[in-house]
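Novice:
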Amino acid sequence: MSILRLDGVRREIGDFVILDSVSAALARGERTGLVGGNGAGKTTLLEIIAGREEADAGAIHTAKGMRVGLLTQEANLDRHFAEASTVRAVVRGGAIEVERMERELAELEARGAEAVQSPGYAALRDRFEAADGYSLDQRVAESLGGLGIATELWGHKPSELSGGEQTRVALARLLVADPDLLMLDEPTNHLDIAALEWLEVTLARRDRGLIVASHDRAFLDNVVERIWELRERRLTTFRGAYSAYLIQREAADARARSVAGSTDAAIKREQELVQRYRNQRKHVKMHEHERRLEGLRASRIETPKRTAQLSLPGSSLTGGAPARSAEIVVSLEGVLCGYPAADGTAAVPVTRVERLEIRRGDRIGLVGPNGAGKSTLLRSIAGELPTLDGFVRIGKNVMPGYLSQLRDRPLGGVDVLGALTAVAPVTPGQARSYLARFLFRGDDVQKPVSELSGGERSRLELALLGVGAVNLLLLDEPTNHLDIGAREALEAFLRETEASQIIVSHDRRLLESTCERLWV
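No gaps in the numbering here: position 494 of the sequence shown is 538 in the working numbering, and each next residue is one more.
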C-alpha cells in the first residue's frame with residue numbers, strides 16, 4: 045500500500061524548470077535513496093513533499109493522517125525553539141503525542157485513587173504503553189548519544205551549539221518523533237564514522253517510510269532498498285541500493301543510446317526515400333514515407349545526456365611537474381597540537397603525537413570522532429597552526445597543498461576567474477580552459493566568490509590547490525558539498541597522482557578506494 049504518490053509534479057522558477065512531470069510512489073515501510081547531481085532538484089522535491097513549497101503542476105497524494113518529518117541540510121534550532129529549551133527537551137519534544145499522554149496521566153494521578161482506577165486512565169495508560177512512552181527517555185538518550193552529542197551538552201540551550209551540532213540534535217528529534225514518512229536531506233554531513241554507523245543501523249531497523257537524499261554511497265548501500273534518480277528534471281526509479289542502481293542505470297543508458305542510434309538511422313533512410321520519390325514525382329510513395337518519418341520522429345527517445353564531470357588535471361596549471369620530495373616527507377616527534385594562549389587565557393591542548401612519519405608516496409587516512417583533533421593536527425602539519433610542543437619537520441623539496449574543512453579562507457579576486465588569476469600568471473583563456481575542468485563554464489567564471497554555493501566553493505578551492513606543483517596533499521573533508529560524480533573524479537585523481545597524501549574524511553568509500561594506511 046502506498047503512503048505517498050507523486051503524479052506529474054512540476055516546479056519552475058521563471059523560465060527555469062527544476063522538476064518536470066515527476067511521478068513516483070512510496071510504499072509503507074519502504075526505504076528510498078534520492079540521488080542526482082548538485083542542482084538536480086532533490087531538496088526542492090523534498091520541500092514539496094513536506095508541504096513547505098508548492099508545485100506549479102501535478103498532484104501529491106499522501107495516506108490519510110500521515111505524519112511527515114523533514115531534516116534540512118542546516119537545521120538552526122534556535123530559530124524554532126524558545127531560548128529556555130534545553131537540547132534534551134527539544135529532542136524529547138519530538139514525541140508530541142507521547143508527551144501529551146504523559147501529561148494527562150500525571151494530571152489523573154494527581155487527582156487521587158479514584159481517577160487512577162477509572163476506565164479512562166486504564167485506556168490512556170494502554171495507549172501510552174503501546175506508543176513506547178515508558179521508554180521515551182531511553183530513546184532520547186540513545187539518539188543523542190548515538191549521534192555524538194556529548195552528555196554535558198544535553199542541558200544547554202540549542203543556540204549554544206554549533207551549526208553541525210544543531211543539525212544532529214534536529215535529526216535526533218526526528219528519530220524520536222518517528223514519523224510515518226521520514227525525509228533526510230544530506231544527513232551524514234556532520235557525522236563521524238561511529239555516528240554514521242549508528243544511524244545506518246537505526247534507519248535500517250525502522251518499519252516506516254524513508255526518503256534520504258545523500259551523496260554518501262556507502263550509506264545508501266547500507267540503508268536503502270530503492271533509488272529515485274533525478275536527472276534532466278525527470279525522476280526514474282531503480283530497484284536495489286546504490287551499487288545495484290549504478291549497474292541498472294548504465295545498462296539502461298546503453299539501451300537508450302542503442303535504440304536512439306537505430307531510430308536515427310531509420311529516420312535518415314526515410315528522409316532519403318522521401319527526397320527520392322519527391323524527385324521522381326511519385327507522390328503516393330512520397331507521402332507513405334513521410335508518414336513513416338513522422339512516426340519515427342514522434343517515437344524517438346532522447347539519448348541520455350552524459351552528466352558534466354569534474355576532471356582534475358594530472359599536472360599543475362603552470363605546467364611544471366612537482367619536484368621529487370625527500371623520502372621522509374613529514375616527521376612528527378613529541379608534538380602537542382592545540383591553540384596557543386591569548387588575552388590572558390591558558391593554551392588549549394587538543395591532541396598529542398609521540399612519533400609519526402610520512403614517507404614519499406604514502407596515502408594516509410586520518411580518522412576519529414568529531415572533536416578528536418584531526419583538523420587541528422592537519423593544520424599543524426600544514427604550518428597554519430603552531431604546535432604547543434614538539435617538532436613538525438618537513439622534508440626537502442616538499443611542496444604542501446592544504447584544503448581546509450571550512451572552505452572560508454580569503455581568496456584573491458572578486459569572481460571565480462579573478463580568484464584563479466590572482467595566484468597564477470596565466471592568460472584569461474588559459475584560466476577559462478582550466479576552470480572548465482572544475483565545471484566553471486561560460487558565465488560561471490564571472491560568478492562572485494561571495495555567492496558561490498558550498499559545492500562551487502569546494503570545486504574552486506580544489507582548482508586553486510592544483511595551480512602549483514604540489515607533492516604533498518593535506519585534505520580536510522575534501523568531499524564536503526561534492527556530488528557523487530565529483531567525488532568519484534576526486535577519488536580517481538587521488539589514486540593516480542604521485543603526491544603523498546593525508547586525508548581527513550568520514551567518507552568511507554573515499555578512504556577505502558584511496559588510502560593505504562589509517563591514522564586513528
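All C-beta atoms, glycine included, are put in the ideal place defined by N, C-alpha and C. Since this is a predicted model, take the numbers as computed values, not measurements.
Would DSSP call H105 helix, strand or coil?
Specialist: Of the three classes helix, strand and coil, the one that applies to H105 here is strand, per DSSP.
Novice: Within its chain, find whatever has a CB closer than 8 angstroms to the CB of M45; leave out the 5 residues flanking it on each side and keep chain order.
Specialist: Counting only Cβ-Cβ distances below 8 angstroms, and skipping sequence neighbours, we find A71, R72 and A107.
Novice: Can you confirm whether the segment 419–427 touches the segment 538–550 when touching is taken to mean that 3 or more C-beta pairs between the two stretches lie within less than 8 angstroms?
Specialist: Touching, yes.
Novice: CB-CB under 8 angstroms to T307, same chain, minus the five flanking residues each way: which ones, in chain order?
Specialist: Cβ within range, chain order: L340, S343, R344 and I345.
Novice: Look up I528 in the DSSP assignment and say whether it is helix, strand or coil.
Specialist: It is helical.
Novice: Between which two residues does the beta strand (DSSP E) holding E74 run?
Specialist: Looking at the DSSP string, E74 is not in any beta strand (DSSP E), and its letter there is neither H nor E.
Novice: Below 8 angstroms between beta carbons: does that hold for D433 and V397?
Specialist: Not closer than 8 angstroms, so no.
Novice: Whole angstroms are fine: how far does the CA of M443 sit from the CA of A507?
Specialist: Rounded to the nearest angstrom, the two C-alpha atoms are 16 angstroms apart.
Novice: I'd like the list of long-range same chain contacts for P384, defined as Cβ closer than 8 angstroms, with 5 residues on each side in sequence excluded.
Specialist: Only A391, P430 and L432 meet the Cβ criterion.
Novice: Quick check on DSSP: helix, strand or coil for T88?
Specialist: T88: helix per DSSP, three-state reduction.
Novice: Does DSSP classify L484 as helix, strand or coil?
Specialist: Residue identity check: residue 484 is Phe in the sequence provided, not Leu. It is coil, neither helix nor strand.
Novice: Does Q490 pass the burial test, meaning 16 or more other C-beta atoms within 10 Å, or should it be called exposed?
Specialist: Looking at its Cβ environment, which holds fewer than 16 other Cβ atoms inside 10 Å, Q490 is exposed.
Novice: To the nearest angstrom, how far is the alpha carbon of V184 from that of V135?
Specialist: Their backbone Cα atoms lie some 6 angstroms apart in a straight line.
Novice: May I ask you to list the residues that DSSP assigns as paired with R283?
Specialist: Answer is R270.
Novice: Restricting to Cα atoms, I'd like to know which of N233, C381 and L555 is closest to F435.
Specialist: That would be C381, whose Cα lies nearest to the Cα of F435.
Novice: Could you name the residues of the same chain whose beta carbon sits closer than 6 angstroms to that of L228, not counting the 5 residues immediately before and after it, in chain order?
Specialist: Excluding positions up to five away in sequence, the list reads L115 and V256.
Novice: Report yes if the C-beta distance between R404 and V374 is below 8 angstroms; otherwise report no.
Specialist: Against a cut-off of 8 angstroms, the Cβ pair of V374 and R404 comes out as no contact.
Novice: Within the continuous beta strand (DSSP E) that includes E209, where are the two ends?
Specialist: Segment G207 to A221 is the alpha helix (DSSP H) holding E209; no beta strand (DSSP E) there.
Novice: Do I57 and G85 have their C-beta atoms within less than 8 angstroms of each other?
Specialist: No; because the gap between Cβ atoms is not below 8 angstroms, this pair is not in contact.
Novice: Looking only at C-alpha atoms, which of A167, V131 and D176 sits nearest to V142?
Specialist: Nearest option by C-alpha distance: D176.
Novice: Determine the DSSP secondary structure at M145, reduced to helix, strand or coil.
Specialist: Correct three-state label for M145: helix.
Novice: Suppose contacts are defined by Cβ-Cβ distances below 8 angstroms. Is V458 in contact with V511 by that definition?
Specialist: No; because the gap between Cβ atoms is not below 8 angstroms, this pair is not in contact.
Novice: Out of R451, I237 and E269, which has the shortest C-alpha to C-alpha gap to G499?
Specialist: Answer by Cα proximity: R451.
Novice: Beta-carbon of E204 versus every beta-carbon of chain D: anything under 8 angstroms?
Specialist: The structure shown contains no chain D; it is built from a single protein chain.
Novice: If contacts are defined as beta-carbon pairs under 8 angstroms, then G77 and L264 qualify, I think. What distance do you get, rounded to the angstrom?
Specialist: Right, their Cβ atoms sit about 4 angstroms apart.
Novice: Looking only at C-alpha atoms, which of V79, L496 and F537 sits nearest to A463?
Specialist: Considering only alpha carbons, the answer is L496.
Novice: Measure the CB-CB distance between E273 and A285 and report whether it falls below 8 angstroms.
Specialist: No, the pair does not count as a contact, with Cβ atoms beyond the cut-off.
Novice: Got a sec, what are the start and stop residues for the alpha helix (DSSP H) T420 sits in?
Specialist: That run of the alpha helix (DSSP H) goes K418 to A426.
Novice: Hey, out of A416, E377 and L376, whose CA is closest to P393's CA?
Specialist: Taking only the C-alpha atoms, the option nearest P393 is A416.
Novice: So who's on the other strand from G22, going by DSSP bridges?
Specialist: This structure gives no information on residue 22, because the portion of the chain shown stretches from 45 to 564.
Novice: Might you give, ordered along the chain, the residues of its own chain that have their beta carbon closer than 7 angstroms to the beta carbon of Y321, omitting 5 neighbours on each side?
Specialist: K329, M330 and H333.
Novice: Return yes when the Cβ of R278 is within less than 8 angstroms of the Cβ of D64, no when it is not.
Specialist: Yes, the pair counts as a contact, with Cβ atoms nearer than the cut-off.
Novice: What are the partner residues of Q474, as DSSP defines its beta bridges?
Specialist: Beta-bridge pairing links Q474 to no other residue.
Novice: With burial defined as no fewer than 16 other Cβ atoms inside 10 Å of the residue's Cβ, what is the status of Y478: buried or exposed?
Specialist: That one is buried.
Novice: Around the Cβ of D170, are there at least 16 other Cβ atoms within 10 angstroms (buried) or fewer (exposed)?
Specialist: With fewer than 16 other Cβ atoms within 10 Å, it is exposed.
Novice: For A101, count neighbouring C-beta atoms within 10 Å of its own C-beta (all shown protein chains included) and say buried if the count is 16 or more, exposed if not.
Specialist: By the 10 Å Cβ count, A101 comes out exposed.
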